[in-house]
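> Sequence lines, in order, name chains G and W. In terms of the UniProt record's numbering, the first sequence is numbered consecutively and its last residue is 233. In terms of the UniProt record's numbering, the second sequence is numbered consecutively and its last residue is 233. No residue lacks a Cβ here, since even glycine has one placed at the ideal position from N, Cα and C. Predicted, not measured: the structure shown is a model, and the values here were computed from it.
There are 2 protein chains.
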Amino acid sequence: MTESERKTWLTVQEEVRRCIRQRIWKPGELIPHEADLAREFGCARATVNRALQGLADAGLLERRRKAGTRVALTPARKAEFSIPIIREEIEGKGHRFDHRILHRHMSAPPPDVLTLLHLANGRKILHLQTLYTADGRPYVFETRWINSTAVPNALDADFDTLSPNEWLVREVPFDRGDFAFSGYAATTADAKVLGCQPADALLMMERTTQRGEDMITYVRLLFHPGYRMHTRS
Amino acid sequence: MTESERKTWLTVQEEVRRCIRQRIWKPGELIPHEADLAREFGCARATVNRALQGLADAGLLERRRKAGTRVALTPARKAEFSIPIIREEIEGKGHRFDHRILHRHMSAPPPDVLTLLHLANGRKILHLQTLYTADGRPYVFETRWINSTAVPNALDADFDTLSPNEWLVREVPFDRGDFAFSGYAATTADAKVLGCQPADALLMMERTTQRGEDMITYVRLLFHPGYRMHTRS
DNA sequence: CAGTGGTCTAGACCACCGG
DNA sequence: CGGTGGTCTAGACCACTGC
Numbered sequence: 001m002t003e004s005e006r007k008t009w010l011t012v013q014e015e016v017r018r019c020i021r022q023r024i025w026k027p028g029e030l031i032p033h034e035a036d037l038a039r040e041f042g043c044a045r046a047t048v049n050r051a052l053q054g055l056a057d058a059g060l061l062e063r064r065r066k067a068g069t070r071v072a073l074t075p076a077r078k079a080e081f082s083i084p085i086i087r088e089e090i091e092g093k094g095h096r097f098d099h100r101i102l103h104r105h106m107s108a109p110p111p112d113v114l115t116l117l118h119l120a121n122g123r124k125i126l127h128l129q130t131l132y133t134a135d136g137r138p139y140v141f142e143t144r145w146i147n148s149t150a151v152p153n154a155l156d157a158d159f160d161t162l163s164p165n166e167w168l169v170r171e172v173p174f175d176r177g178d179f180a181f182s183g184y185a186a187t188t189a190d191a192k193v194l195g196c197q198p199a200d201a202l203l204m205m206e207r208t209t210q211r212g213e214d215m216i217t218y219v220r221l222l223f224h225p226g227y228r229m230h231t232r233s
Numbered sequence: 001m002t003e004s005e006r007k008t009w010l011t012v013q014e015e016v017r018r019c020i021r022q023r024i025w026k027p028g029e030l031i032p033h034e035a036d037l038a039r040e041f042g043c044a045r046a047t048v049n050r051a052l053q054g055l056a057d058a059g060l061l062e063r064r065r066k067a068g069t070r071v072a073l074t075p076a077r078k079a080e081f082s083i084p085i086i087r088e089e090i091e092g093k094g095h096r097f098d099h100r101i102l103h104r105h106m107s108a109p110p111p112d113v114l115t116l117l118h119l120a121n122g123r124k125i126l127h128l129q130t131l132y133t134a135d136g137r138p139y140v141f142e143t144r145w146i147n148s149t150a151v152p153n154a155l156d157a158d159f160d161t162l163s164p165n166e167w168l169v170r171e172v173p174f175d176r177g178d179f180a181f182s183g184y185a186a187t188t189a190d191a192k193v194l195g196c197q198p199a200d201a202l203l204m205m206e207r208t209t210q211r212g213e214d215m216i217t218y219v220r221l222l223f224h225p226g227y228r229m230h231t232r233s
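1. Can you pull out the residues from the stretch 65-98 of chain G whose beta carbon lies closer than 9 angstroms to at least one beta carbon of chain W?
2. Count the C-beta pairs between the stretch 36-50 of chain G and the stretch 7-20 of chain G that are closer than 8 angstroms, then say yes if the count reaches three, no if not.
3. Could you tell me whether the Cβ of Met-215(W) comes closer than 8 angstroms to any Cβ of chain G?
4. Please compile the residues from chain G whose C-beta is within a distance smaller than 7 angstroms of the C-beta of Arg-63(W).
5. Which residues of chain G have a Cβ atom closer than 9 angstroms to the Cβ of Phe-179(W), listed in chain order?
6. Beta carbon of Trp-145(G), beta carbon of His-118(G): below 8 angstroms?
7. Determine, using beta carbons only, whether Val-169(W) comes closer than 8 angstroms to chain G.
8. For Glu-80(W), which of helix, strand or coil comes out of DSSP?
9. Could you give the distance in angstroms between the alpha-carbon of Thr-47(W) and the alpha-carbon of Val-12(W)?
10. So, do the stretch 203-210 of chain W and the stretch 175-194 of chain W have three or more beta carbon pairs nearer to each other than 8 angstroms?
11. Using the beta-carbon count (16 or more within 10 Å), is Pro-75(W) buried or exposed?
12. State buried or exposed for Asp-200(W), treating a residue as buried only when at least 16 other CB atoms are found within 10 Å of its CB.
13. Compute the Euclidean distance between the alpha carbons of Arg-104(W) and His-224(W), then round it to the nearest angstrom.
14. I'd like to know whether the C-beta of Ser-163(G) is nearer than 8 angstroms to at least one C-beta of chain W.
15. To the nearest angstrom, report how far apart Ser-4(W) and Asp-156(G) are at their CA atoms.
16. How about Cys-196(G) and Ala-185(G): are their beta carbons less than 8 angstroms apart?
17. Beta-carbon of Leu-52(G) versus every beta-carbon of chain W: anything under 8 angstroms?
18. At a CB-CB cut-off below 8 angstroms, which residues of chain G make contact with Asp-175(W)?
19. Give me, in chain order, the residues of the same chain whose beta-carbon lies closer than 7 angstroms to that of Pro-198(G); leave out the 5 immediate sequence neighbours on both sides.
20. Just to confirm my understanding: we take Gly-68(W), look at its own chain, exclude 5 residues before and 5 after, and list those with CB closer than 7 angstroms. What are they?
21. Leaving out five residues before and five after Thr-2(W) in sequence, what residues of the same chain have Cβ atoms less than 6 angstroms from its Cβ?
22. Among Arg-100(W), Asn-49(W), Gln-22(W), which has the Cα closest to the Cα of Arg-143(W)?
23. I'd like to know if Met-1(W) contacts chain G, where contact means its C-beta is closer than 8 angstroms to some C-beta of that chain.
24. Would you kindly report the start and end of the unbroken beta strand (DSSP E) that includes Ala-134(G)?
25. Between Val-71(G) and Leu-61(G), what straight-line distance do the alpha-carbon atoms span, to the nearest angstrom?
26. Mapping the DSSP letters down to three states, classify Gln-13(W) as helix, strand or coil.
27. Going along the stretch 96-127 of chain W in order, which residues come within less than 8 angstroms of chain G, judged by CB to CB distance?
28. Mind checking Gly-183(W): buried by the 16 CB within 10 Å criterion, or exposed?
29. With Phe-181(W) and Leu-202(W) assumed to form a contact (beta carbons below 8 angstroms), what rounded beta-carbon distance in angstroms separates them?
30. Let me make sure I understand the geometry here. Which of Lys-93(G), Thr-217(G), Ser-233(G) has the alpha-carbon closest to that of Tyr-139(G)?
31. Whole angstroms are fine: how far does the CA of Asp-158(G) sit from the CA of Thr-130(G)?
32. Please classify Thr-20(G): is it buried, with 16 or more other beta-carbons within 10 angstroms of its beta-carbon, or exposed?
33. Quick one: is Leu-203(W) near chain G, going by C-beta distance under 8 angstroms?
34. So Thr-231(G) packs on Phe-81(G), CB below 8 angstroms; how close in whole Å?
35. For Arg-211(G), decide whether its Cβ has a neighbour in chain W, counting only Cβ atoms nearer than 8 angstroms.
36. On a Cα-Cα basis, can you pick out the residue from Leu-194(W), Met-215(W), Glu-213(W) that is closest to Leu-221(W)?
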């Protein structure tokens with residue numbers, strides 16, 4: 001437990017990481033409490049606290065009052081995805097982004113979507129289908145239902161200049177969301193849009209967003225074959 | 001901007017959230033700086049800082065020194081997955097968990113795996129295939145390559161009592177990882193193992209983990225058809 | 001350069017909860 | 001009950017970076 005470098009939150013964190021990595025502190029074991037570590041590192045307890053809280057957030061430590069801090073038995077159980085803004089993702093790869101509205105109607109969503117949006121049966125809401133392309137090649141096919149009761153001005157929005165995703169993000173400050181990932185076999189209709197074969201295995205991402213208690217939108221994204229959603233922890 | 005409740009980090013955060021939700025502060029707009037907010041809320045600047053940092057982490061705010069703090073144009077861009085410990089996930093649903101080692105040999109991994117694990121060509125390492133079941137039904141099919149140089153005692157491990165996943169998690173304190181999700185069409189071999197049809201669309205999760213500079217393992221999970229990986233932000 | 005966020009400190013009080 | 005983490009404070013200095 002050397003204290004070579006000078007007091008900074010990250011320094012402490014790195015030291016603690018090292019102790020865990022080198023199994024000086026083994027999984028499940030209690031580590032010294034904050035006051036001791038502070039003395040050891042020659043810094044304030046608040047600094048140690050900050051460092052340890054970060055590690056606890058990351059899942060490497062488990063902390064409980066009075067019980068103390070332990071090395072987690074099952075570390076790295078979390079992964080954070082930054083949900084791609086499609087435009088940024090495509091342009092970030094140096095490709096030309098474009099989108100095309102394929103469908104735009106008021107219609108009654110299927111039962112599962114009604115349930116997700118907490119809507120009464122038979123209710124008609126805004127239905128959009130959009131294809132996003134990279135250098136003209138299909139990238140992701142979006143099917144979206146917008147609760148036009150909660151977002152009335154969606155009816156008049158011009159989704160051709162600003163994509164539905166970008167329009168919503170700018171217009172409606174939603175604060176919570178649900179995500180689900182699954183495998184999905186392309187229907188013939190999907191295949192036609194995405195330029196792939198029917199029954200191709202695609203990555204599907206579903207997402208509902210809400211503002212307070214209002215359910216705003218349900219989106220289903222079908223990514224082109226071969227797409228990988230990637231993250232690093 | 002009422003300051004009804006008394007000074008706590010979370011109180012401040014909730015107030016700021018409200019200002020954003022009610023569009024008192026609009027996306028892209030500058031908000032008052034920390035010192036002002038501290039005065040307004042009647043608390044220390046450190047408290048405001050803590051609150052705002054949390055919101056910046058969550059993607060709701062964008063902060064830069066000297067430039068100040070703005071409401072993010074594209075909020076809710078992040079979602080955190082807690083990577084399921086398969087046993088916990090299955091048992092948490094009230095099902096009986098079990099696993100069966102289908103394959104265990106030293107062999108040379110395909111080129112892509114070699115690359116991911118930073119290994120020289122032709123190198124033989126431990127190759128495991130495991131089926132995890134819920135109430136006896138196939139749940140997820142795991143193909144794993146373990147860098148047995150970095151983890152020599154993996155060769156003698158008894159993976160029948162403790163699953164490879166649990167054994168590794170307990171034995172090797174890895175600290176970083178890479179995840180990727182994609183759609184995947186089951187091969188006939190996969191289908192046989194998972195009890196589904198060939199070419200069924202599956203959710204595939206790939207994962208490499210490392211401890212410091214050592215690449216520990218590469219895993220590919222194929223989930224049963226219909227599986228959804230779910231998260232809430 | 002000067003304004004803003006980022007961090008550290010020393011001390012304090014509190015909430016929780018294990019023994 | 002008492003030990004531990006959780007948080008707040010007031011003040012300070014620093015690191016960036018827009019102007």
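Concretely, from the data shown:
1. Val-71, Leu-73, Thr-74, Pro-75, Ala-76, Arg-77, Lys-78, Ala-79, Glu-80, Phe-81, Ser-82, Ile-83, Pro-84, Ile-85, Glu-88
2. yes
3. As a first step, residue 215(W) must be located in the second sequence, where it is residue number 215. Under the Cβ criterion of 8 angstroms, Met-215(W) is not counted among the residues facing chain G.
4. On the second sequence, position 63 is the one that residue 63(W) refers to. None at all; the shortest Cβ gap to chain G is about 17 angstroms.
5. Locating residue 179(W) in the second sequence gives position 179, counting from the first residue. What Phe-179(W) touches in chain G: Ala-79, Phe-81, Met-229, His-230, Thr-231, Arg-232, Ser-233.
6. Working through the first sequence from its first residue, we reach residue 145(G) at position 145. Working through the first sequence from its first residue, we reach residue 118(G) at position 118. Contact flag unset, no.
7. Here residue 169(W) is taken as the residue at index 169 of the second sequence, counted from 1. Yes, its Cβ sits closer than 8 angstroms to a Cβ of chain G.
8. Sequence index remark: in the second sequence, residue 80(W) carries index 80 (1-based). Strand, per DSSP.
9. Here residue 47(W) refers to the residue found at position 47 of the second sequence. Here residue 12(W) refers to the residue found at position 12 of the second sequence. Between Thr-47(W) and Val-12(W), the C-alpha separation is close to 8 angstroms.
10. These segments touch.
11. Here residue 75(W) refers to the residue found at position 75 when the second sequence is read from its first residue. Burial call: buried.
12. Reading the second sequence from its first residue, position 200 is the one you call residue 200(W). The residue in question, Asp-200(W), is buried, as its Cβ has 16 or more Cβ neighbours within 10 Å.
13. Here residue 104(W) refers to the residue found at position 104 of the second sequence. Here residue 224(W) refers to the residue found at position 224 of the second sequence. Roughly 22 angstroms between the two C-alpha positions.
14. Mapped onto the first sequence, residue 163(G) falls at position 163. It does not: the Cβ of Ser-163(G) has no partner Cβ on chain W nearer than 8 angstroms.
15. The residue given as residue 4(W) occupies position 4 in the second sequence. The residue given as residue 156(G) occupies position 156 in the first sequence. With a pLDDT of 48 at Ser-4(W), under the threshold of 50, the modelled position of this residue cannot be trusted; read the value that follows with caution. Using only the alpha carbons, I get a separation of about 38 angstroms.
16. What you label residue 196(G) is simply residue 196 of the first sequence in a count that begins at 1. What you label residue 185(G) is simply residue 185 of the first sequence in a count that begins at 1. Note that the C-beta distance between Cys-196(G) and Ala-185(G) is not below 8 angstroms.
17. Taking the first residue of the first sequence as 1, we reach residue 52(G) at position 52. By this cut-off, Leu-52(G) is not an interface position.
18. Reading the second sequence from its first residue, position 175 is the one you call residue 175(W). The contacting residues are Arg-17, Ile-20, Arg-21, Leu-60, Pro-75, Ala-76.
19. What you label residue 198(G) is simply residue 198 of the first sequence in a count that begins at 1. Within the same chain, Pro-198(G) has close Cβ partners Ala-186, Thr-187, Thr-188, Ala-191.
20. Here residue 68(W) refers to the residue found at position 68 when the second sequence is read from its first residue. Counting only Cβ-Cβ distances below 7 angstroms, and skipping sequence neighbours, we find Leu-30, His-33.
21. Position 2 of the second sequence holds residue 2(W). Because Thr-2(W) carries a pLDDT of 45, less than 50, the predicted location of this residue cannot be relied on, and no value is offered for it.
22. Within the second sequence, the letter at position 143 stands for residue 143(W). The sequence given here has Thr at residue 143(W), not Arg. The shortest C-alpha to C-alpha distance from Thr-143(W) to any of Arg-100(W), Asn-49(W), Gln-22(W) is the one to Arg-100(W).
23. For the purposes of this step, residue 1(W) is taken as the residue at position 1 of the second sequence. Confidence in Met-1(W) is poor, its pLDDT being 46 and thus under 50, which makes the residue's placement unreliable; the coordinate value appears in the next sentence. No, Met-1(W) lies away from the interface with chain G (no Cβ there is under 8 angstroms from its Cβ).
24. Taking the first sequence and counting its residues from 1, the one referred to as residue 134(G) is at position 134. Its beta strand (DSSP E) spans residues 125-134.
25. Position 71 of the first sequence, counted from the start, is the residue given in the question as residue 71(G). Position 61 of the first sequence, counted from the start, is the residue given in the question as residue 61(G). Distance between the alpha carbons of Val-71(G) and Leu-61(G): 5 angstroms.
26. Translated into positions along the second sequence, residue 13(W) becomes position 13. DSSP places Gln-13(W) in helix when its eight states are reduced to three.
27. Legend: CB atoms of the stretch 96-127 of chain W lying less than 8 angstroms from CB atoms of chain G are not found in any residue.
28. The residue you call residue 183(W) lines up with position 183 of the second sequence. Buried is the call here.
29. As a position in the second sequence, residue 181(W) is number 181, starting the count at 1. As a position in the second sequence, residue 202(W) is number 202, starting the count at 1. That pair is no contact at about 11 angstroms.
30. Counted from its first residue, the first sequence places residue 139(G) at position 139. Answer by Cα proximity: Lys-93(G).
31. Within the first sequence, the letter at position 130 stands for residue 130(G). Within the first sequence, the letter at position 158 stands for residue 158(G). Straight-line Cα distance between these residues: approximately 13 angstroms.
32. Along the first sequence, read from residue 1 onward, the residue named residue 20(G) stands at position 20. With the sequence shown as reference, residue 20(G) is identified as Ile, and Thr is not the correct amino acid for it. Ile-20(G) is buried by the Cβ-count criterion.
33. In the second sequence, counting from the first residue as 1, residue 203(W) sits at position 203. Cβ-Cβ to chain G under 8 angstroms: yes for Leu-203(W).
34. As a first step, residue 231(G) must be located in the first sequence, where it is residue number 231. As a first step, residue 81(G) must be located in the first sequence, where it is residue number 81. About 5 angstroms separates the two Cβ atoms, so the contact holds.
35. The residue given as residue 211(G) occupies position 211 in the first sequence. It does; some Cβ of chain W falls within 8 angstroms.
36. Here residue 221(W) corresponds to residue number 221 of the second sequence, with the count starting at 1. Nearest in C-alpha terms to Leu-221(W), of all of Leu-194(W), Met-215(W), Glu-213(W), is Leu-194(W).
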